[in-house]
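Structure first, commentary second.
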Amino acid sequence: MSKTRQRRHPAAFRLEEPGSLTAQLSRAASASGHSVEVLPEPDFAPPAVAADNPLPAKRPGFRWGRLFWSAAAGLVLLAVGLAVTDLIEGLFARNLELGWFGSALAILAGISLAVIAAREAVGLMRLSTVEHLHQRASNILIDDDRTEGKAVARELLVLTRRMPRLARSRAMLESHLGDIIDGADMVRLAERELMAPLDQEARRLISAAATRVSVVTALSPRAALDIVFVLGAALNLLRRLAYLYGVRPGTLGLVRLIRHVLMQLVASGGLATSDSIVQQMLGHGIAVKFSARLGEGVLNGMLMARLGLAAMDTIRPLPFTVLPRPTLRDLMGDLIRGYGDGEERQRPPQAIPQSPSG
Amino acid sequence: MIELIEQIRLAARAFAEFGAHLFDPTIRLGVTGLSNAGKTVFITALVHGLTRGGRFPLFEALATGRIARASLAPQPDDAVPRFDHEGHVRALVERRDWPASTRQISELRLVIAFQSLNGHQRKLTLDIVDYPGEWLLDLPLLGKSYETWAAESLALSRQEPRAGLAKEWHAHLATLDPAGAEDEQAAVIAARLFTDYLKACRDKSYAMSLLPPGRFLMPGEMANSPALTFAPLVLTGVGPPPPNSLWAMMRRRYEAYKDVVVRPFFRDHFARLDRQIVLVDALAAMNAGPDALRDLELALGQVLDCFNTGRNTLVSALLYPRIDRILLAATKADHLHHTSHDRLEAILKRMTERATAKAEIAGTKIDVVALAAVRATREATVRVGREQLPCILGVPFAGEVMGGDTFDGETEVAMFPGDLPDNPDDLFGSDGSAFRGLTSVSPQGADFRFLRVRPPRLETTETGVPALPHIRLDRALQFLIGDRLQ
Numbered sequence: 000m001s002k003t004r005q006r007r008h009p010a011a012f013r014l015e016e017p018g019s020l021t022a023q024l025s026r027a028a029s030a031s032g033h034s035v036e037v038l039p040e041p042d043f044a045p046p047a048v049a050a051d052n053p054l055p056a057k058r059p060g061f062r063w064g065r066l067f068w069s070a071a072a073g074l075v076l077l078a079v080g081l082a083v084t085d086l087i088e089g090l091f092a093r094n095l096e097l098g099w100f101g102s103a104l105a106i107l108a109g110i111s112l113a114v115i116a117a118r119e120a121v122g123l124m125r126l127s128t129v130e131h132l133h134q135r136a137s138n139i140l141i142d143d144d145r146t147e148g149k150a151v152a153r154e155l156l157v158l159t160r161r162m163p164r165l166a167r168s169r170a171m172l173e174s175h176l177g178d179i180i181d182g183a184d185m186v187r188l189a190e191r192e193l194m195a196p197l198d199q200e201a202r203r204l205i206s207a208a209a210t211r212v213s214v215v216t217a218l219s220p221r222a223a224l225d226i227v228f229v230l231g232a233a234l235n236l237l238r239r240l241a242y243l244y245g246v247r248p249g250t251l252g253l254v255r256l257i258r259h260v261l262m263q264l265v266a267s268g269g270l271a272t273s274d275s276i277v278q279q280m281l282g283h284g285i286a287v288k289f290s291a292r293l294g295e296g297v298l299n300g301m302l303m304a305r306l307g308l309a310a311m312d313t314i315r316p317l318p319f320t321v322l323p324r325p326t327l328r329d330l331m332g333d334l335i336r337g338y339g340d341g342e343e344r345q346r347p348p349q350a351i352p353q354s355p356s357g
Numbered sequence: 000m001i002e003l004i005e006q007i008r009l010a011a012r013a014f015a016e017f018g019a020h021l022f023d024p025t026i027r028l029g030v031t032g033l034s035n036a037g038k039t040v041f042i043t044a045l046v047h048g049l050t051r052g053g054r055f056p057l058f059e060a061l062a063t064g065r066i067a068r069a070s071l072a073p074q075p076d077d078a079v080p081r082f083d084h085e086g087h088v089r090a091l092v093e094r095r096d097w098p099a100s101t102r103q104i105s106e107l108r109l110v111i112a113f114q115s116l117n118g119h120q121r122k123l124t125l126d127i128v129d130y131p132g133e134w135l136l137d138l139p140l141l142g143k144s145y146e147t148w149a150a151e152s153l154a155l156s157r158q159e160p161r162a163g164l165a166k167e168w169h170a171h172l173a174t175l176d177p178a179g180a181e182d183e184q185a186a187v188i189a190a191r192l193f194t195d196y197l198k199a200c201r202d203k204s205y206a207m208s209l210l211p212p213g214r215f216l217m218p219g220e221m222a223n224s225p226a227l228t229f230a231p232l233v234l235t236g237v238g239p240p241p242p243n244s245l246w247a248m249m250r251r252r253y254e255a256y257k258d259v260v261v262r263p264f265f266r267d268h269f270a271r272l273d274r275q276i277v278l279v280d281a282l283a284a285m286n287a288g289p290d291a292l293r294d295l296e297l298a299l300g301q302v303l304d305c306f307n308t309g310r311n312t313l314v315s316a317l318l319y320p321r322i323d324r325i326l327l328a329a330t331k332a333d334h335l336h337h338t339s340h341d342r343l344e345a346i347l348k349r350m351t352e353r354a355t356a357k358a359e360i361a362g363t364k365i366d367v368v369a370l371a372a373v374r375a376t377r378e379a380t381v382r383v384g385r386e387q388l389p390c391i392l393g394v395p396f397a398g399e400v401m402g403g404d405t406f407d408g409e410t411e412v413a414m415f416p417g418d419l420p421d422n423p424d425d426l427f428g429s430d431g432s433a434f435r436g437l438t439s440v441s442p443q444g445a446d447f448r449f450l451r452v453r454p455p456r457l458e459t460t461e462t463g464v465p466a467l468p469h470i471r472l473d474r475a476l477q478f479l480i481g482d483r484l485q
């Protein structure tokens with residue numbers, strides 16, 4: 000009941016003229032003698048997110064390609080099975096021991112194949128879980144569903160369970176799960192708490208890879224050599240980013256991830272709106288003026304950075320809302336500076352925008 | 000037996016409709032709400048927004064431009080009056096007055112032409128029904144016998160503050176003998192006094208909600224018919240009533256009321272809903288006091304229990320369609336500063352806890368939202384000395400009173416309606432003294448004052464009327480029909 004007593008009393012204030020800033024007190028003026036000011040507030044609008052990432056269109060029609068590949072794979076599998084059976088039968092016909100040895104090998108191969116397949120399946124599932132989570136979070140930002148927001152936050156907690164550096168953030172987010180928070184705000188909160196440290200690390204990884212690639216390209220004696228190196232570095236970067244955001248894809252998962260990243264790259268060009276192509280071309284042009292090699296190095300580094308950004312968009316469990324998406328310019332800044340001092344140096348912690356409510 | 004026949008009838012109709020809707024999907028949107036909850040305004044704003052392209056950023060299909068157009072179409076039932084959408088819009092914009100209390104049922108069909116996410120041209124038909132909110136209270140009667148209903152009504156009328164209003168009726172009731180001979184005059188007087196008592200309970204300073212039967216308050220074309228001339232009696236005996244007694248007569252008429260009035264209403268408009276929005280005016284109850292709030296809670300619980308909720312399976316969609324989404328909306332959210340909207344939602348959630356838990360188990364999706372279909376106020380901060388009050392700016396109707404001031408219906412006023420509690424349980428104290436409302440104190444002493452505010456002033460442009468401002472109407476739409484527009 001004590002709370003009831005603290006409640007403020009209803010009151011009304013007559014405006015002298017519509018839209019005026021000062022108003023005359025109609026009640027309690029004599030009692031308190033205070034002056035009254037009315038400050039109109041800007042129109043309140045519920046949190047709205049521009050739907051720039053609309054729901055993906057389902058592909059119309061039947062997936063003939065998928066059917067073809069499934070059927071073809073089934074045929075190949077049958078052929079392999081037939082060949083192995085024939086082989087073992089042949090071995091038995093020749094010598095009993097040899098036959099047993101052969102079948103033991105076949106069983107071992109079968110078991111290991113099953114384990115590998117299971118692992119790949121888990122990796123693929125994990126990848127699609129994360130991508131699905133991203134989609135769900137985008138939907139929540141649009142429709143502001145409270146229960147769904149909490150569900151996503153819970154899943155994020157499960158996903159990041161094994162990341163020691165997020166222990167504190169996880170505890171913080173967990174403590175907010177019981178509060179009344181709008182769905183969209185919940186997603187924003189989760190992003191701020193959980194994604195900020197990961198984003199920083201991702202940015203460091205990307206700029207380190209870009210630096211390495213550009214240095215190697217600038218110094219390598221053979222073009223073929225740096226192609227191999229760039230490919231290797233790209234794969235490595237993708238895998239490390241995936242692990243960073245908690246995906247741990249297998250080989251097939253990595254292949255699918257590469258496909259999605261390339262699609263993303265094609266769609267966005269790896270550019271954020273704040274980057275201008277002119278600027279990049281200028282920078283590249285100047286570098287070329289100094290030395291063709293150096294120019295090539297910068298170009299390759301830039302490509303690497305773009306790839307990293309696209310991968311980040313694909314694999315990050317939440318869309319960028321409150322945290323800024325790193326731009327190519329940021330990364331190029333790192334790249335240029337990276338020439339000066341050693342790679343993978345510790346970056347000073349970035350200022351992270353704090354929540355207004357705290 | 001009657002129940003069984005009804006079920007078969009409904010199943011047959013659902014089956015026929017399932018076939019017809021296979022290629023032309025239809026959503027029956029149930030707009031539910033007690034009287035004065037804002038059903039008519041909600042429907043008007045919804046239709047206006049969809050047909051004239053309102054500002055709905057959170058309604059994905061409209062915001063991304065996938066809705067080509069939405070237009071009114073001839074309604075399916077020829078016997079039901081048409082919802083006077085144009086008239087209501089005119090009243091809102093030109094006279095700046097809310098639509099009058101709904102007196103009869105009306106219907107509207109809206110056809111939305113849209114492009115689905117994978118590029119197909121589609122059409123979605125939205126059937127909406129408007130009806131007097133009083134009638135909604137009849138639905139719980141379907142499952143009650145006359146004896147149960149009489150006992151419940153009596154028990155309710157003996158509680159404060161109703162007892163004071165029911166004095167006259169109680170006095171007359173004491174003179175009646177249920178086992179005595181049929182007496183038309185006694186029945187007429189009892190029904191009149193009972194109706195007077197119900198009407199008194201509805202007064203703004205009591206704002207009671209649980210007042211069945213609904214046609215007593217809003218008789219429509221049935222006024223003075225025998226089916227509306229009955230009242231509860233004090234019943235002591237059990238078993239069947241003696242033949243030709245007053246009791247038997249009342250009981251017969253009660254059953255007739257259910258057959259003639261309630262069952263057709265339920266069958267035609269509630270048994271076949273797909274989506275449901277329940278509009279609740281919690282603010283009027285908070286104006287009146289804790290008793291009104293508890294009464295509203297009871298009424299909502301009974302009404303929600305009448306609906307057939309749950310996730311649809313193929314069989315149920317064929318024979319027994321269920322409501323798979325319910326949106327609970329606390330209306331008139333524009334009477335509060337937006338910082339209090341979360342608390343209003345919490346209060347509504349607290350009031351409907353039991354009924355929604357049941358529906359959720361059955362698989363129905365439920366959401367709670369604080370909403371204003373037409374937003375009549377702006378917001379402002381009022382600084383009094385060192386204190387800052389989050390206020391709303393609006394024009395109260397002539398005759399509204401607050402803090403000893405009576406308004407003339409023309410001046411704009413900054414209003415601070417009072418602080419809603421962080422914990423909704425604070426409003427539902429058991430002793431009835433959780434807060435002070437108009438039931439117990441004068442307007443000066445009340446803890447909450449929500450004045451009736453006139454609709455906003457809108458400039459009429461050459462293209463017609465501009466979009467009506469709203470709060471979260473787009474979110475409500477997204478929840479109710481967004482998934483069918485994908």
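If you're matching them up, the sequences are chains A and B in order. The numbering of the first sequence is numbering that gives the first Met the number 0, which starts it at 0 and goes up by one. The numbering of the second sequence is numbering that gives the first Met the number 0, which starts it at 0 and goes up by one. For glycine and all other residues, C-beta sits at the position ideal for the given N, C-alpha and C.
Sequence-distant residues of its chain with Cβ nearer than 8 Å to residue 266(B) (five each side left out): Counting from 1 along the second sequence, the entry for residue 266(B) is found at position 267. Counting only Cβ-Cβ distances below 8 Å, and skipping sequence neighbours, we find 5, 8, 9.
CB-CB length for residue 291(B) against residue 205(B), believed under 8 Å: Position 292 of the second sequence, counted from the start, is the residue given in the question as residue 291(B). Position 206 of the second sequence, counted from the start, is the residue given in the question as residue 205(B). Right, the Cβ-Cβ distance comes to about 6 Å (below 8 Å), so this counts as a contact.
Check the Cβ of residue 329(A) against every Cβ in chain B and list those closer than 8 Å, keeping chain order. Here residue 329(A) corresponds to residue number 330 of the first sequence, with the count starting at 1. Residues of chain B passing the Cβ test: none, with the nearest at roughly 30 Å.
Examine the Cβ distances between the region 249 to 265 of chain A and the region 159 to 178 of chain A and report whether three or more of them are shorter than 8 Å. no
What residue from 26(B), 0(B), 59(B), 3(B) has the CA that sits closest to residue 477(B)'s CA? Taking the first residue of the second sequence as position 1, residue 477(B) is located at position 478. For the residues 26(B), 0(B), 59(B), 3(B), the minimum Cα distance to residue 477(B) belongs to 59(B).
Please classify residue 68(B) as buried or exposed, where buried requires at least 16 neighbouring CB atoms within 10 angstroms. For this step, residue 68(B) is matched to residue 69 along the second sequence. Classification for residue 68(B): exposed.
Would you verify that the beta carbon of residue 130(A) is, or is not, closer than 7 Å to some beta carbon of chain B? As a working note, residue 130(A) is residue 131 in the first sequence. No, no contact with chain B.
Cut-off 8 Å between Cβ atoms - residues of its own chain near residue 395(B), not counting five sequence neighbours on either side: For the purposes of this step, residue 395(B) is identified with residue 396 of the second sequence, where counting begins at 1. Exclusion of the five residues before and after residue 395(B) leaves 401, 406, 408, 412, 414, 450, 451, 452, 453 as the residues of its chain whose Cβ lies within less than 8 Å of its Cβ.
Cut-off 6 Å between Cβ atoms - residues of its own chain near residue 417(B), not counting five sequence neighbours on either side: If you number the second sequence from 1, residue 417(B) lands on position 418. Cβ within range, chain order: 446, 447.
Answer yes or no: does any C-beta atom of chain D fall closer than 7 Å to that of residue 142(A)? Annotation note: the requested chain D is absent from the structure, which comprises protein chains A and B.
Taking the alpha-carbon of residue 345(B) as reference, which of 302(B), 403(B), 373(B), 281(B) has the nearest alpha-carbon? What you label residue 345(B) is simply residue 346 of the second sequence in a count that begins at 1. Measuring from the Cα of residue 345(B), the nearest candidate turns out to be 281(B).
Determine the closest residue to residue 495(B) out of 365(B), 338(B), 277(B), with distance taken between C-alpha atoms. The requested residue 495(B) does not occur in the structure, where chain B is confined to residues 0 to 485.
Counting only Cβ pairs nearer than 9 Å, list the residues of chain A close to residue 393(B). For this step, residue 393(B) is matched to residue 394 along the second sequence. In chain order: nothing, as chain A lies at least about 10 Å away.
DSSP three-state call for residue 271(A): helix, strand or coil? Position 272 of the first sequence holds residue 271(A). Residue placement at residue 271(A) cannot be trusted, given a pLDDT of 47 that sits under 50; what the coordinates show is reported in the next sentence. Under the three-state reduction of DSSP, residue 271(A) is assigned to coil, being neither helix nor strand.
Starting from the N-terminal side, write out each stretch of the beta strand (DSSP E) that is 3 residues or longer and does not extend beyond the region 18 to 100 of chain B. The qualifying runs are 25 to 32, 66 to 72.
Compute the Euclidean distance between the alpha carbons of residue 367(B) and residue 328(A), then round it to the nearest angstrom. What you label residue 367(B) is simply residue 368 of the second sequence in a count that begins at 1. What you label residue 328(A) is simply residue 329 of the first sequence in a count that begins at 1. The straight-line gap from Cα to Cα measures roughly 44 Å.
6 Å Cβ shell around residue 466(B) - same chain, five flanking residues per side excluded: As a working note, residue 466(B) is residue 467 in the second sequence. Only 53, 54 meet the Cβ criterion.
Counting only beta-carbon separations shorter than 7 Å, does residue 59(B) have a partner in chain A? Indexing the second sequence from 1 puts residue 59(B) at position 60. It does: the Cβ of residue 59(B) has a partner Cβ on chain A nearer than 7 Å.
Which residues mark the beginning and the end of the alpha helix (DSSP H) in which residue 90(A) is found? The residue you call residue 90(A) lines up with position 91 of the first sequence. Run containing residue 90(A): 63 to 93, per the alpha helix (DSSP H) assignment.
The beta strand (DSSP E) enclosing residue 415(B), as first and last residue numbers: One-based indexing of the second sequence puts residue 415(B) at position 416. First-last of the beta strand (DSSP E) with residue 415(B): 412 to 415.
Whose Cβ in chain A lies nearer than 7 Å to the Cβ of residue 452(B)? Counted from its first residue, the second sequence places residue 452(B) at position 453. Correct list: empty, because the minimum Cβ distance to chain A is about 12 Å.
Quick check for students: name the residue ranges of the alpha helix (DSSP H) that lie wholly in the region 117 to 158 of chain A, counting only runs of 4 or more. 145 to 158
Whole angstroms are fine: how far does the CA of residue 113(B) sit from the CA of residue 47(B)? On the second sequence, residue 47(B) is found 48 positions in, with the first residue counted as 1. On the second sequence, residue 113(B) is found 114 positions in, with the first residue counted as 1. Whole-angstrom Cα-Cα distance: 17 Å.
Which whole-angstrom value describes the C-beta separation of residue 218(B) and residue 227(B), a residue pair presumed to lie in contact below a C-beta threshold of 8 Å? Taking the second sequence and counting its residues from 1, the one referred to as residue 218(B) is at position 219. Taking the second sequence and counting its residues from 1, the one referred to as residue 227(B) is at position 228. Taking 8 Å as the upper bound for CB-CB distance, residue 218(B) and residue 227(B) are in contact here, some 6 Å apart.
Using a C-beta to C-beta distance shorter than 9 Å, which residues of chain B count as neighbours of residue 13(A)? One-based indexing of the first sequence puts residue 13(A) at position 14. Within chain B, the C-beta atoms nearer than 9 Å to that of residue 13(A) come from 404, 406, 410, 411, 412, 413, in chain order.
Opening and closing residue of the alpha helix (DSSP H) in which residue 147(B) lies: The count along the second sequence starts at 1 and reaches residue 147(B) at position 148. Residues 145 to 156.
Going along chain B, which residues have a C-beta under 8 Å from residue 188(A)? If you number the first sequence from 1, residue 188(A) lands on position 189. Residues of chain B passing the Cβ test: none, with the nearest at roughly 15 Å.
By the DSSP assignment, the alpha helix (DSSP H) with residue 471(B) in it spans what residues? Residue mapping note: residue 471(B) aligns to position 472 of the second sequence, counting from 1. No alpha helix (DSSP H) contains residue 471(B), which DSSP labels as neither H nor E.
With a Cβ-Cβ cutoff of 7 Å, do residue 493(B) and residue 377(B) count as a contact? Examination of residue 493(B) is not possible in this model, given that chain B is present from 0 through 485 alone.
Run down chain A in chain order and give the residues with a C-beta less than 7 Å from the C-beta of residue 418(B). Residue 418(B) sits at position 419 when you count from the first residue of the second sequence. Chain A residues near residue 418(B): 6, 7.
Any heavy atom of the ligand COA closer than 6 Å to the beta-carbon of residue 374(B)? The ligand content of the structure shown is nil, which means the ligand COA is not present either.
With a threshold of 7 Å between beta carbons, is residue 352(B) in contact with chain A? As a working mapping, residue 352(B) is identified with position 353 in the second sequence. Not one chain A Cβ lies under 7 Å of residue 352(B).
Using beta carbons (cut-off 7 Å, strictly below), is residue 152(A) in contact with chain B? As a first step, residue 152(A) must be located in the first sequence, where it is residue number 153. Not one chain B Cβ lies under 7 Å of residue 152(A).
Taking CB distances under 7 Å as the criterion, tell me whether residue 401(B) reaches chain A. Your numbering for residue 401(B) matches position 402 in the second sequence. So yes, residue 401(B) belongs to the interface.
Going by other Cβ atoms of all chains shown within 10 Å of its Cβ, with 16 needed for buried, is residue 308(B) buried or exposed? Here residue 308(B) is taken as the residue at index 309 of the second sequence, counted from 1. By the 10 Å Cβ count, residue 308(B) comes out buried.
Check residue 128(B) in the structure and name its three-state DSSP category. Taking the second sequence and counting its residues from 1, the one referred to as residue 128(B) is at position 129. Strand, per DSSP.
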